[in-house]
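Take a look at the structure below.
Residue numbers (the numbering used here), protein chains in the order written: chain A, 670 to 1541; chain B, 6 to 417.
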């Protein structure tokens, strides 16, 4: 026990902390500018100087640790004078343009000078001049205000791991500059904005738009740009969001945000938002009243159901919608329309992977607290770049790496490359070779402990030597060997899995190999989740074969429970998956499609095919916030509300349920409310007054969500089963096919260029096209290409190319990245008609009912400069 | 006194390893590798050697701290970032007697069980860098460096790293940051480099001259070494004398010799036999002394009793013609330029002092300016992150204390 006395107050501590912390615990405030709870100590601003008995010099309380018997004084004349002197020093080269500065009102320096500082200055010399920099589209730098506390630099390098900015020059000429010069060219997380105590680094998005004291409302909510579900605060003035900021210390993100969350909200106020229901008559959309639209929909659906049966109608839900939307929608499909044809894009990977691992290891096995990553002793990442798909989860991996934890990165993940201790980049679609070699080696090293059914299965996996794998996947044996060494030393590792691992011909085998790896290493599983409520879609039964609460339709007792609750029978046969629906629409096997917030044309592979399929429908209803390409094809479009305009809940990839709160009024209608209205017209009464009523119903009927209420979620730690039934164990190995060695060692076709989907950090599906901020950071579609392929095509960074397949052609700018797998190009799917999905052919993998990239001949032609065609 | 540090430097081929060996070089190394590492550490401790970089910290004690930390590997660093204005004492060793430093580093590396050594040399010494590189190559060829030093199975590799011109990188933790490829700024202490230094491993940093003393201690033994110079601060010392003396240069003299002896006996007195006005005895950071205060023994123990410090032993002599306000201004301009920018008082305060001094020196100062100058300097003193800012404040305070009238004369 350590006893320290600060200003006569005795403080007892278990372990030594800094004086600043100890004082904080005792409620004694010591001013500081360079210290920040998210950053390591710096000791630069010298504002927190205190007097310690028996020490001649004043000491900085942020760096000095308490020792037993230490006596500290924080308000002696000497300390007060020193503090005043530091503030006077800080002001001599500070712009003092508070009346004009956006930070005024929430500026640490301003507050401190008002509280402790000198009232007049004695500095008679000229101040440092440094013109404000507007070279960046998002961030404005005013280095006349900078006080060189380096919080931004420490945040950028030590926490974000982006290493984008640095202090440059010395002395009073020191300032912060991006390495890239004027434009930041960084990850645009904006976490530097969070920590800047003054107005030196600020967002341009709300420049001069408000004053901190003019914020009328601060709404605690959850970000909607990926499955991490960061806690954030929307600051509102009038009916518009002026700023999105992280909530100090809250949520899984603990004060961090990524660029999408921080800057992407501006689509909410976009002028392109739908503001009225639209009915298409004679090929043209006409504005309609709500009741007109609902009646129109109900009549058409009723007619189609009566003539062709419920199974001729299908519904597609969206991971952007809330749990409440999803629950009501699946209820509508099943109970009102009598169809199990309900699915979403979660079935492109997330839902399948989860189902597979839960089948083996038990329910909830893929839902782990993100904080577990930096606390594990090793990380294995495969199938996607976590720092782009789930940026704040990616930071946990970077944090682990920063602590010296080995990180094995398998696949193309630019955001982790400098943090990975092993970088294994296989040729396109040869992950099976890599994974089976790792399993073979680790099986030998670790041995199979038990005789459980899965252990037997692991033993049956064909042995693949490192040499055989190298032959196929192209990774040098010694690199795989060192990865095996690293993996074999891990005792509580984390395995992070992205959806790319499934979207290949041997996706099923990849899952089995990963399950073997998970079992051999005894690791925690994290599934990357692109959508804010992807887990919620699964939990709410927006799947063709699952009911809310994660049980299969075929479980008689479970189905009965819902039938009793709904008061109607539910069809017992599983419905169609999303890919089947599109095929069925194409073949006219389904007549009507009800789409809740998904832009199928651009968020599904092969846009032309999807478009053709949707055009063949007798009836298409689309709920959306924008007139998307899919909405254009609809017969009726119902404007819905964005995440910032409604109440509800999201379930993140940790299976944590969090509240989505209304910040501003929208002109649309919640999906659940619109669906309930249609339902009423179809003779099924859904009398929900608010989202609370729906959650109450969910808590009543779903065993996973038993007794969960919004009040529980507000605490931020509501992971299902919060009060629910215990989770089921796994070990259902039914339907797992053992791949043969030949299929594990399939070589990529020689001289063929593969297209991979790049998941850029700066975009979110095709929605982010409506964010001016995100579009200004990344306005252009591009293709990433490896050095060898670029050289063979005479391409250099910045070149324009035309990429053509049998399906279409795209104009893209070239970015050369040596880490792109051999013979492949990575193209983002976020630019609407300029996205990868418009030129990619896909086929169904019947085993996992997910789309798989199909062989397509790719031709890359250089534009502008010498237009020589390179055909492959 | 017999020269040791500057032994051999009159020889035009002094940098050649064969010449160095001919003059008795590398004998100490051969003797040292027959000793136990711990015995070398206690020998250095017994010798009373103090660090020659300026602070005068007992070298043996520093070594003992490092030896006590079990973490491995350890690194042996040589601070050759000789940047203190007025100081050029290490340069003759680096340029004329590089093998003495290399021998000292190998012995130190062996004593401290460090297998890697780095010489961090200031970027403004390009010739010395080339000379050291060539000397290291020769030492490798002779088997004094490498995986099997002198056939004794001792491992020691030595590299030269060039600084990029920052004064602050002479501060040991800033030097380590710079060596690691980072921005040269001092680190929070503790942890001290002896426990967590280069690459977070135990690291011993010694000055060039300090390391050059090691072979001598081994050669003549700690007891004989302790007999040289002042009792509490023994050994030979290099004094770099500049300014208005007849024979400026680097002098190897025993510790504790008086300033007067250096100026008048060894450097031939004041140029043109003018009157002496002031002396800065140990580099620009040490307090300036008036002409009547030069009977002080030049060592780490006695100088503080006489109102100054030994520092690096860089003696700057000013005769009666010198405008000391201008000297003060020029010194502070240097500190402003070299302030690393990390902490507030140094970054902002030193520039402020420069601005006031510029005014006074240029004749547009006001009566209040001298007091303001002192207040600003007081606001810096004791509040900075590292000694750089303190040093600057001290310069101002001592110039004003000893020569206030010169400042007042500038104000009309």
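Backbone N, C-alpha and C fix where the C-beta goes; we use that ideal spot for every residue, glycine too.
Candidates the options, of which the one nearest residue i by Cα
i	options	result
residue 896 (chain A)	A:1318, A:1416, A:1446, A:1482	A:1318
residue 391 (chain B)	A:1461, A:1490, A:726	A:726
residue 339 (chain B)	B:73, B:170, B:147	B:170
residue 926 (chain A)	A:809, A:988, A:856	A:856
residue 1311 (chain A)	A:832, A:990, A:1370	A:990
residue 961 (chain A)	A:1446, A:1498, A:1386, A:1307	A:1307
residue 1428 (chain A)	A:1417, A:1344, A:1309, A:1453	A:1453
residue 46 (chain B)	B:162, B:216, B:206	B:216
residue 288 (chain B)	B:362, B:297, B:315	B:315
residue 1253 (chain A)	A:1242, A:1243, A:1279	A:1279
residue 1510 (chain A)	A:1522, A:1504, A:1499, A:1518	A:1522
residue 1088 (chain A)	A:801, A:1096, A:1068	A:1068
Interface partners of residue i on chain A, CB under 7 Å
i	result
residue 344 (chain B)	839, 840
residue 117 (chain B)	Under the 7 Å cutoff, chain A gives no residues; its nearest Cβ is about 25 Å from residue 117 (chain B).
residue 193 (chain B)	710, 712, 732
residue 360 (chain B)	794
residue 377 (chain B)	791
residue 341 (chain B)	840
Limits of the unbroken beta strand (DSSP E) element including residue i
i	result
residue 1195 (chain A)	1193-1196
residue 166 (chain B)	159-167
residue 1032 (chain A)	Premise fails: residue 1032 (chain A) is in no beta strand (DSSP E) and is neither H nor E.
residue 404 (chain B)	Segment 392-415 is the alpha helix (DSSP H) holding residue 404 (chain B); no beta strand (DSSP E) there.
residue 212 (chain B)	208-212
Contacts that residue i makes with chain A (C-beta to C-beta distance below 8 Å)
i	result
residue 350 (chain B)	715, 754, 755, 758
residue 357 (chain B)	758, 761, 792, 794
residue 171 (chain B)	839
Exposed unless 16 or more other CB atoms sit within 10 angstroms - verdict on residue i
i	result
residue 694 (chain A)	exposed
residue 670 (chain A)	exposed
residue 1540 (chain A)	Residue placement at residue 1540 (chain A) cannot be trusted, given a pLDDT of 48 that sits under 50; the coordinates are not used to answer.
residue 793 (chain A)	exposed
residue 1234 (chain A)	exposed
residue 256 (chain B)	buried
residue 1398 (chain A)	exposed
residue 245 (chain B)	buried
residue 203 (chain B)	buried
residue 1527 (chain A)	buried
residue 1499 (chain A)	buried
residue 1536 (chain A)	Below a pLDDT of 50, predicted positions are generally treated as unreliable, and residue 1536 (chain A), at 49, falls in that range; no measurement from the model is reported.
Neighbouring residues, chain B, relative to residue i (Cβ below 7 Å)
i	result
residue 726 (chain A)	387
residue 1555 (chain A)	What the structure shows of chain A is the stretch from 670 to 1541, and residue 1555 (chain A) is not part of that stretch, so it cannot be assessed.
residue 1163 (chain A)	Simply none; closest approach about 25 Å.
First through last residue of the alpha helix (DSSP H) which encompasses residue i
i	result
residue 1111 (chain A)	1100-1115
residue 362 (chain B)	355-366
residue 1127 (chain A)	1122-1129
residue 964 (chain A)	959-977
Chain-ordered chain B contacts of residue i [CB-CB under 9 Å]
i	result
residue 730 (chain A)	Correct list: empty, because the minimum Cβ distance to chain B is about 13 Å.
residue 788 (chain A)	Simply none; closest approach about 16 Å.
residue 1476 (chain A)	What residue 1476 (chain A) touches in chain B: nothing, since even the nearest Cβ is about 48 Å away.
Contact set between residue i and chain B, taken where Cβ atoms lie within less than 8 Å
i	result
residue 718 (chain A)	388
- [ ] Flag this pair as touching only if the segment 26-44 of chain B and the segment 190-200 of chain B have three or more C-beta atom pairs under 8 Å; answer yes or no.
- [x] no
TODO: Could you tell me whether the segment 884-900 of chain A touches the segment 723-739 of chain A, using the rule of 3 or more Cβ pairs below 8 Å?
DONE: no
Task: Cβ contact check for the segment 1188-1208 of chain A and the segment 1001-1020 of chain A: 3 or more pairs under 8 Å - done: yes
Task: Touching by the beta-carbon criterion (3+ pairs, under 8 Å), the segment 824-839 of chain A and the segment 906-921 of chain A - done: no
Task: At least three beta-carbon pairs within less than 8 Å, the segment 1018-1034 of chain A to the segment 1140-1148 of chain A - done: no
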